[in-house]
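Q: Using full-length UniProt numbering, the letters of the sequence shown map in sequence onto residues 1 to 223. Backbone N, C-alpha and C define an ideal beta-carbon position, used for all residues, glycine too.
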Amino acid sequence: MVCFHSFFLCGMPQTSSASTGRILGGKNAELGQIPWYLLIKEPNRGGASLINDRWAVTAAHVVDHDAFEPLQASARTNFDNDIALIRFTSRVTLGPNISPICLPENNRGLQENELGTLKHVPIPVYSEQKCRATPDVKMQYTQNMFCAGADGKDSCEKDSGGPYFVPALDAVRPFRLMGIVSWGASCYQREHKGYYTKVENYVQWIRDTIEATEESLKQQESE
């Protein structure tokens, strides 16, 4: 359960559950309760998830900008493959208020009506059929996505890149990153339905990209 080489247990907040930003239907989380959640302020405001002491994962469209300086590796094709990795220039000091989240286990997918958490909001997963009935936007549902929502509860503007994780807060840990806020219809439509990048499809890509990048940088430093 150790996240890569950080030597720190992932998905294990040290604060028991009790700023939601733009999450609809949310409430404030205590300091350290969601210690992997990161805020990206520039060039586009959004969220990210810490996965070890050097890397974070977010939505590609949040960091798809020339002004974004930290090293990143992206596999984005429009809003399919909406995922990017961020490498920090220095290691993050892990502690009670800052720690990584676990990646999905092998063959661990989400089930219909399974309850996950978007920041501090419990939101159930919708069926494939319901997800395919996409809202009136120029997006198409693919197998690299899932959707979730509930009456009055959903992701909203400026939440892009943030984590959808299981189990729900107050449940048995460790917590695992299952989705990344990607896209959806207007925040205030009657039926709230958000679309998320399905992280389980990218676990191997994440591991391979981190390993290859770190090895390349190590070789450059030794030259």
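Start and end of the alpha helix (DSSP H) containing A212?
A: Taken as a continuous stretch (DSSP letters only), the alpha helix (DSSP H) holding A212 covers 203-222.
Q: What first and last residue would you give for the beta strand (DSSP E) that runs through A166?
A: Before going on, a small fix: residue 166 reads as Val here, not Ala. Where V166 is concerned, the enclosing beta strand (DSSP E) stretches over 163-166.
Q: Would you tell me roughly how many angstroms separate the C-alpha atoms of R173 and I101, rounded to the nearest one?
A: Spanning the two alpha carbons is a distance of roughly 11 Å.
Q: With a 10 Å radius around its C-beta and 16 neighbouring C-beta atoms as the bar for buried, classify N144 as buried or exposed.
A: The residue in question, N144, is buried, as its Cβ has 16 or more Cβ neighbours within 10 Å.
Q: Sort V121, G95, Y141 by Cα distance to S127 and report the nearest one.
A: Of the listed residues, the one whose Cα sits closest to S127 is Y141.
Q: Could you tell me the alpha carbon to alpha carbon distance between L121 and G46, rounded to whole angstroms?
A: It should be noted that the sequence gives Val, not Leu, for residue 121. Answer to the nearest angstrom: the Cα atoms are 17 Å apart.
Q: Hey, how far is the Cα of F4 from the Cα of Q111?
A: Its pLDDT being 48, under 50, F4 is placed unreliably by the model, and the measurement read from it follows with that caveat. Roughly 27 Å between the two C-alpha positions.
Q: Could you check how far apart the C-beta atoms of Q49 and V62 are, in whole angstroms? I think they sit under 8 Å.
A: Note on residue identity: the sequence assigns Ser, not Gln, to residue 49. 12 Å between Cβ atoms; not a contact.
Q: Run through DSSP, which three-state label would K130 get?
A: Here K130 sits in helix by DSSP.
Q: Cutting at 7 Å between CB atoms, please list the residues of its own chain near G11, excluding the five before and the five after it.
A: Taken in chain order, the residues that qualify are I101, C102, R173, P174, F175, R176.
Q: Looking only at its chain, what residues have a beta carbon closer than 7 Å to the beta carbon of K198, apart from the 5 residues adjacent to it on each side?
A: These residues qualify, in order along the chain: N144, M145, F146, G179.
Q: By how many angstroms is the C-alpha of E221 removed from the C-alpha of E105?
A: Taking the straight line joining both Cα atoms gives about 33 Å.
Q: Drop a sphere of 10 angstroms on the beta-carbon of L38, count the other beta-carbons inside from all chains shown, and report buried for 16 or more, exposed for fewer.
A: Result: buried.
Q: Please state whether DSSP places A185 in a helix, a strand or coil.
A: A185 falls in the coil class under three-state DSSP.
Q: Is Y164 near F79, with beta carbons less than 9 Å apart?
A: The answer is no: Cβ separation not under 9 Å.
Q: Out of R132, P167, W205, Q14, which has the shortest C-alpha to C-alpha gap to residue 237?
A: Examination of residue 237 is not possible in this model, given that the chain is present from 1 through 223 alone.
Q: With a threshold of 6 Å on Cβ separation, who are the neighbours of D64 within its own chain once the five nearest residues in sequence on each side are excluded?
A: There are no such residues.
Q: Exposed or buried, S160, counting other C-beta atoms within 10 Å across all chains shown (16 or more means buried)?
A: Burial call: buried.
Q: From the DSSP secondary-structure annotation, give me the bridge partner or partners of R173.
A: According to DSSP, R173 bridges with nothing at all.
Q: Applying the 10 Å Cβ sphere with the 16-neighbour rule, what's the burial state of K193?
A: K193 comes out buried.
Q: T209 and L9 - do their beta-carbons sit closer together than 9 Å?
A: No, the pair does not count as a contact, with Cβ atoms beyond the cut-off.
Q: In whole angstroms, give me the CA-to-CA distance for E215 and I34.
A: For E215 and I34, the distance between alpha carbons rounds to 30 Å.
Q: Restricting to Cα atoms, I'd like to know which of A150, G95, R132, K130 is closest to P124.
A: Looking at the Cα atoms, A150 is the closest of the given residues.
Q: Determine the extent of the beta strand (DSSP E) in which V121 is found, giving its start and end residues.
A: Element bounds for V121: 121-124.
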